[in-house]
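>
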Amino acid sequence: MTGPYRIRPGRPDEADAVRAIEDAAAMQFGDIGLPEIAAFDPAELGEVLLRAREGRLWVVADAGDRPVAFALFGEIDGTLHIEELDVHPDHARRGLGAALIERLAEIAREQGLPELTLSTFRDVPWNAPYYTRLGFAPMPDETLGPGLAAIRDMIRDKGIDIIPRVFMRRAVRNG
72 MTGPYRIRPG RPDEADAVRA IEDAAAMQFG DIGLPEIAAF DPAELGEVLL RAREGRLWVV
132 ADAGDRPVAF ALFGEIDGTL HIEELDVHPD HARRGLGAAL IERLAEIARE QGLPELTLST
192 FRDVPWNAPY YTRLGFAPMP DETLGPGLAA IRDMIRDKGI DIIPRVFMRR AVRNG
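Count along the sequence shown starting at 1, add 71, and that's the number in our numbering.
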């Protein structure tokens, strides 16, 4: 992570900032011919507030202590599941996403969870190819537990599966 950034728990009063980061990050999909993805609404305000209160929102803050990247996560099927991870485009390519992933791996290790999991777009450069570089591997559909299978079904029902998606996992390394 380069620059004057620090990772810390997100606060409930930052929910609107988190949603704005998600909106800004989604706009990049319009640039690659996927305006329907860019048009999706960000996470519900109540969901972001709940995760912040439960300690399931972590942010990367800039020198002014303003969030510029975030991760929402929870435990699903005995893994630490990354529900959403976004970096504001103005702060991209500085290792902020990778640093958040490493912090989430530490949290998983502290909680005794053996893996990180996520769902992402298979062919979008800053999605599955990026996570592959960070050590994630695709999960065959038949290996999804009931919680991840429910997420797969919710994604389909919301219409987010308009381009191929993949579930991925990464073992949590000790030490």
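For glycine and all other residues, C-beta sits at the position ideal for the given N, C-alpha and C.
1) Around the Cβ of Asp-212, are there at least 16 other Cβ atoms within 10 angstroms (buried) or fewer (exposed)?
2) Could you give the DSSP three-state label for Thr-150: helix, strand or coil?
3) Take every Cβ of the stretch 128-148, pair it with every Cβ of the stretch 217-229, and state whether three or more of those distances are shorter than 8 Å.
4) If you follow the alpha helix (DSSP H) that Glu-186 is part of, which residue opens it and which one closes it?
5) Closest by CA to Thr-214, which one among Pro-196, Ile-226 and Val-237?
6) Would you list the one or two residues that DSSP bridges to Arg-79?
7) Can you pull the DSSP bridge partners for Glu-155?
8) At which residues does the beta strand (DSSP E) containing Ala-221 begin and terminate?
9) In the DSSP output, what is Arg-240 paired with across the bridge?
10) Under 8 Å, with one C-beta from each stretch per pair, do the stretch 176-188 and the stretch 160-167 reach the 3-pair mark?
Short version:
1) Taking the sequence shown and counting its residues from 1, one reaches residue 212 at position 141. Asp-212 comes out exposed.
2) Along the sequence shown, one-based indexing puts residue 150 at 79. Looking at Thr-150 - three-state DSSP - the assignment turns out to be strand.
3) Using a C-beta cut-off of 8 Å, the stretch 128-148 makes contact with the stretch 217-229, since at least three inter-stretch Cβ pairs fall below that distance.
4) Start at 1 with the first residue of the sequence shown, and residue 186 comes out as number 115. Bounds of any alpha helix (DSSP H) do not take in Glu-186; it lies within the beta strand (DSSP E) bounded by 186-192.
5) On the sequence shown, residue 214 is found 143 positions in, with the first residue counted as 1. Nearest of Pro-196, Ile-226 and Val-237 to Thr-214, Cα basis: Val-237.
6) Within the sequence shown, residue 79 is the residue found at index 8, counting from 1. Residue pairing of Arg-79 in beta bridges, as defined by DSSP: Val-130.
7) Translated into the one-based positions of the sequence shown, residue 155 becomes position 84. Bridge partners of Glu-155: Leu-143.
8) To locate residue 221, count along the sequence shown from 1; it is residue 150. Ala-221 -> not in any beta strand (DSSP E); alpha helix (DSSP H) instead, spanning 217-229.
9) Locating residue 240 in the sequence shown gives position 169, where the first residue counts as 1. For Arg-240, which the question treats as bridged, DSSP gives the partners Thr-188 and Ala-208.
10) no
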